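Residue numbers (the working numbering): 5 to 392. Structure first, commentary second.
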Amino acid sequence: MESRLVYMDYNATTPLRPEVKTQMIQDLEVFANASSMHEAGRRARSRVESARASVAKLIGARDPERVIFTSGGSESNNTVFATMFHLGRKGSRRGIITTKIEHPCVLNAAAWLEAEGFPVTFLDVDEYGMVKLDQLRAAVGPDTLLVSVMAANNEIGTVQDLAAISKIVKAAGAFFHSDATQSVGKIPVSVDEWGVDYMTMSCHKLYGPKGVGGLYAREGAPLEPLIRGGHQEHGFRAGTYNNQGIMGFGLAAELANAELDAYMQKTGALRNRLRDGILASVPKCKVNGHPVSVLPNTLNISFPGAEGEAILLSLDLEGIRVSTGSACASGSLEPSHVLLATGVGPELAHGSIRFSLGRDSTEEEVDYVISKIGPIIARLRKMSTVAF
Ligand SMILES: Cc1ncc(COP(=O)(O)O)c(C=O)c1O
């Protein structure tokens, strides 16, 4: 097989869909300030509002007004934690509960609140990355202000039972937030079925532009702006509208909604083919994450006796782009906090690779990766001093 380029890092980010790219290039002409009262401003605003409706539809939110546009997942998550900071300072509830496997933007926001004196609990997960409901039940109480649990994990793909978690949180009278950055556009998302008060989205994970995202806040759920200024987004997020980004988000959401079933079927079949091919050609490797409750496109595998960065760079030399842990943590030599939380030891965690497939992935690409990974792991294992 000749050498080629294979992108399998779709959980880090996705390319712009051609349809979105074409629309965005045209929309560069839509320059009017969407808050201006003249005709051009009103026209831009109407496009922003139809994008809001498309995003709301994708997440099953009946009222598009409950969605505000932000710069992405990190900002949406931080807006929720900043809101809790303000509420907790004024009210009697101050307890924050989250999990050990959240994205760093949640973990660090929770650590900030902890440093500000809020009691913060980081829940464990089981060997598959699932929140332990008994531990959550024991942790929530009349002091709990917020529970934040990601819908699906970016590294291992485990999908939480948010409806069950929500029941526990609501029984304690706390707010429930979910970072659904990796779920929106990949699996069915319903803010009502999941019972969330707040939910985070990011457009660059669903074949739309970077630097734009969304935050859903249920009616009656308080919000405090992270960015103060003008009256955009009902005063919850100031700043002149990012017309092209928001309109690109709208189209990406509309297309993701229309193609969700096909996406899930396609990536799921390719992921299984990749998993089975790797397990057949590389002895002694271990699949991480939940076997069933998992994102269709995500496959995380530990290769004992081989080092993750070395695997990544060897695959890169063959034109294959994957990731060790999360893209945000790459460059750091720390083993993945997600794998450690599932009980994978530091050595094995260091030898783990995330393959994340996308709507453009093909069987030929999967077979190419399978053909390359066996010899790479065999070579690295030969050089390894670690027994496995
Ligand atoms: C689960 C999760 N949350 C949040 C983010 C951050 O989103 P953004 O890049 O839009 O700030 C990411 C991005 O990798 C993610 O995977």
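For every residue, glycine included, the Cβ atom is placed at its ideal position computed from N, Cα and C. Computed from a prediction, not measured in an experiment: that's the story for all the values here.
Bridge-paired residues (DSSP) for residue i
i: Leu127; result: Thr103
i: Val10; result: Ile324
i: Ser360; result: Asp13 and Thr302
i: Thr74; result: Gly217
Of the listed residues the options, nearest to residue i (C-alpha basis)
i: Ala314; options: Asn292, Glu258 and Lys386; result: Lys386
i: Asp183; options: Ile63, Leu140, Gly249 and Leu259; result: Ile63
i: Phe122; options: Asn82, Ile380, His235 and Ile101; result: Ile101
i: Gly224; options: His208, Val296, Val216 and Val200; result: Val200
i: Asn247; options: Arg8, His42, Arg97 and Arg47; result: Arg47
i: Val286; options: Thr103, Glu53 and Lys376; result: Lys376
i: Pro146; options: Pro192, Thr302, Ile169 and Ser96; result: Ser96
i: Thr204; options: Ser170, Gln164 and Ala155; result: Ala155
i: Ala345; options: Arg93, Phe126 and Ser40; result: Phe126
i: Arg232; options: Thr74, Val52 and Gln27; result: Thr74
i: Val370; options: Thr271, Pro350, Ser327 and Val144; result: Thr271
i: Gly234; options: Arg325, Asn15, Ser40 and Tyr11; result: Ser40
i: Gln139; options: Ile172, Leu352 and Ser206; result: Ile172
i: Thr185; options: Lys209, Lys288 and Tyr202; result: Lys209
i: Ser202; options: Leu111, Thr87 and Leu316; result: First, the amino acid is wrong: residue 202 is Tyr here, not Ser. The candidate whose alpha carbon is nearest that of Tyr202 is Thr87.
i: Thr389; options: Glu351, Gly92, Leu316 and Thr244; result: Glu351
i: Glu338; options: Leu321, Ala353 and Arg66; result: Ala353
i: Gly133; options: Ser50, Pro108, Cys109 and Gln164; result: Gln164
i: Ala4; options: Lys290, Gly378, Asp364 and His90; result: Residue numbering for the chain in the displayed model covers 5 to 392; residue 4 lies beyond these limits and cannot be assessed.
i: Arg49; options: Asp31, Ala65 and Lys61; result: Asp31
i: Val3; options: Pro213, Arg358, Asn304 and Gly92; result: Examination of residue 3 is not possible in this model, given that the chain is present from 5 through 392 alone.
i: Glu368; options: Ala273, His90, Ile29 and Ile381; result: Ala273
i: Leu299; options: Ser318, Met28, Leu264 and Cys289; result: Leu264
i: Phe35; options: Ile305, Gly45 and Val188; result: Gly45
i: Tyr11; options: Ala284, Pro108, Ala38 and Asp320; result: Asp320
i: Cys109; options: Val153, Gly92, Phe359 and Lys61; result: Val153
i: Ala382; options: Leu317, Ala310 and Arg325; result: Ala310
i: Val195; options: Ala65, Leu384 and Asn112; result: Ala65
Presumed contact (8 Å Cβ cut-off) between residue i and residue j, rounded CB distance
i: Ile160; j: Ile282; result: No, Ile160 and Ile282 are not in contact; Cβ-Cβ is about 15 Å, not under 8 Å.
i: Ala211; j: Thr18; result: Note that residue 211 corresponds to Tyr in the displayed sequence, not to Ala. Right, the Cβ-Cβ distance comes to about 5 Å (below 8 Å), so this counts as a contact.
i: Gly254; j: Val59; result: 6 Å
i: Glu458; j: Ala167; result: The chain is shown from 5 up to 392; residue 458 falls before or after that span and cannot be answered.
i: Thr302; j: Gly312; result: Thr302 to Gly312, Cβ: 16 Å. No contact.
i: Pro308; j: Gly355; result: 6 Å
i: Val84; j: Ile105; result: Wrong, their Cβ atoms sit about 18 Å apart, outside the cutoff.
i: Val216; j: Ile250; result: 6 Å
i: Val342; j: Asn157; result: 6 Å
i: Lys290; j: Phe392; result: Rounded, the Cβ-Cβ distance is 11 Å, inconsistent with contact.
CB contact check: residue i to chain B, cutoff 8 Å
i: Thr346; result: This model lacks chain B altogether, as it is built from one protein chain only.
Contained alpha helix (DSSP H) runs [length at least 4] in the segment 269-349, N- to C-terminal order: Correct list: 312-321 and 341-345.
Which runs of the alpha helix (DSSP H), 4 residues or longer, sit entirely within the segment 183-265? Entirely contained in the segment 183-265, the alpha helix (DSSP H) runs reaching 4 residues are, in chain order, 195-198 and 247-262.
Please give me, in chain order, every unbroken run of the alpha helix (DSSP H) with length at least 4 that falls completely inside the segment 106-183. The segment 106-183 contains these whole alpha helix (DSSP H) runs: 108-119, 137-143 and 166-175.
So does the segment 59-77 actually touch the segment 163-180, counting three or more Cβ pairs closer than 8 Å? No, the segment 59-77 does not touch the segment 163-180.
Would you call the segment 148-159 and the segment 99-118 touching, i.e. three or more CB-CB distances under 8 Å? Under the Cβ criterion (8 Å, minimum of three pairs), the segment 148-159 counts as touching the segment 99-118.
Is it the case that the segment 103-120 contacts the segment 255-271, given that we only count it when at least three CB pairs across the two stretches are under 8 Å? No, they do not touch.
Three or more C-beta pairs below 8 Å linking the segment 74-81 and the segment 213-222: They touch, by the three-pair rule.
Entirely enclosed alpha helix (DSSP H) segments - the segment 50-99, minimum 4 residues: With a minimum length of 4 residues, the continuous alpha helix (DSSP H) runs that stay inside the segment 50-99 are 77-94.
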